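Letter by letter, the sequence shown follows residues 422 to 546 in my numbering.
We put the CB at the ideal spot given by N, CA and C, even for glycine.
Since we're looking at a predicted model, the values are computed, not measured.
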Amino acid sequence: MWGLTSDASAETGAALYARHCAACHGANLEGQPEWRSPKADGSYPAPPHDAEGHTWHHDDAMLTDYVARGGQAVLDEMGVLFRSAMPAFGETLTADEIAAILDFIKSTWPERIRQAREQRLAPAP
Numbered sequence: 422m423w424g425l426t427s428d429a430s431a432e433t434g435a436a437l438y439a440r441h442c443a444a445c446h447g448a449n450l451e452g453q454p455e456w457r458s459p460k461a462d463g464s465y466p467a468p469p470h471d472a473e474g475h476t477w478h479h480d481d482a483m484l485t486d487y488v489a490r491g492g493q494a495v496l497d498e499m500g501v502l503f504r505s506a507m508p509a510f511g512e513t514l515t516a517d518e519i520a521a522i523l524d525f526i527k528s529t530w531p532e533r534i535r536q537a538r539e540q541r542l543a544p545a546p
């Protein structure tokens with residue numbers, strides 16, 4: 422399955438997303454303009470979380486970690502040479518709130534993206 426906890430969680434997540442995420446990632450999950458190109462400081466603009474972005478490429482554990490610890494901490498640990506401006510929300514949001522935000526984001530994806538994510542994240546046979 423694609424990991425949606427519940428409709429209620431997605432509804433809660435929508436309110437939390439509006440409060441904590443929309444300023445950077447867009448009210449409609451559209452991200453910032455030119456999100457694929459680095460800014461002058463080398464960091465990248467906030468990507469979209471809709472079907473046009475790459476959020477669906479990642480599993481829930483990675484996304485949760487990214488939100489909780491911030492993008493740069495996770496990327497540094499992974500050895501990825503990419504500059505992220507994503508702040509840590511682990512002191513602001515609970516694990517359940519982060520899960521609700523992810524449920525909201527996933528609830529907006531069309532069926533083709535949900536299926537593609539399920540296939541992409543499926544364990545190898």
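Opening and closing residue of the alpha helix (DSSP H) in which residue i lies
{"i": "V495", "result": "492–499"}
{"i": "E518", "result": "516–528"}
{"i": "Q453", "result": "Run containing Q453: none; DSSP gives neither H nor E here."}
{"i": "G511", "result": "First-last for G511: undefined, no H or E at that position."}
{"i": "Y438", "result": "428–441"}
Short Cβ contact (9 Å threshold) for residue i with residue j
{"i": "A489", "j": "G463", "result": "no"}
{"i": "A520", "j": "S430", "result": "yes"}
Integer-rounded CB distance, given that residue j should sit under 8 Å from residue i
{"i": "H475", "j": "P468", "result": "6 Å"}
{"i": "D471", "j": "L450", "result": "4 Å"}
Length of the line joining the Cα atoms of residue i and residue j
{"i": "M422", "j": "A537", "result": "Its pLDDT being 38, under 50, M422 is placed unreliably in this model, and the value from its coordinates should be taken loosely. Those two C-alpha atoms are separated by around 11 Å."}
{"i": "P531", "j": "A444", "result": "23 Å"}
{"i": "A482", "j": "F503", "result": "19 Å"}
{"i": "L542", "j": "R535", "result": "11 Å"}
{"i": "M507", "j": "G500", "result": "17 Å"}
{"i": "Y465", "j": "T529", "result": "23 Å"}
{"i": "R440", "j": "E473", "result": "22 Å"}
{"i": "L523", "j": "G434", "result": "7 Å"}
{"i": "G492", "j": "E518", "result": "18 Å"}
{"i": "P452", "j": "H446", "result": "Per the sequence shown, the amino acid found at residue 452 is Gly instead of Pro. Approximately 4 Å, taken between the alpha carbons."}
{"i": "P546", "j": "D480", "result": "18 Å"}
{"i": "T513", "j": "P544", "result": "33 Å"}
{"i": "L437", "j": "K527", "result": "14 Å"}
Check: residue i C-beta below 8 Å from any heavy atom of the ligand ADP
{"i": "H470", "result": "With respect to small molecules bound, the structure shown includes none, and the ligand ADP cannot be examined in it."}
Burial state of residue i, where buried means 16 or more other Cβ atoms lie within 10 Å
{"i": "V495", "result": "buried"}
{"i": "D428", "result": "exposed"}
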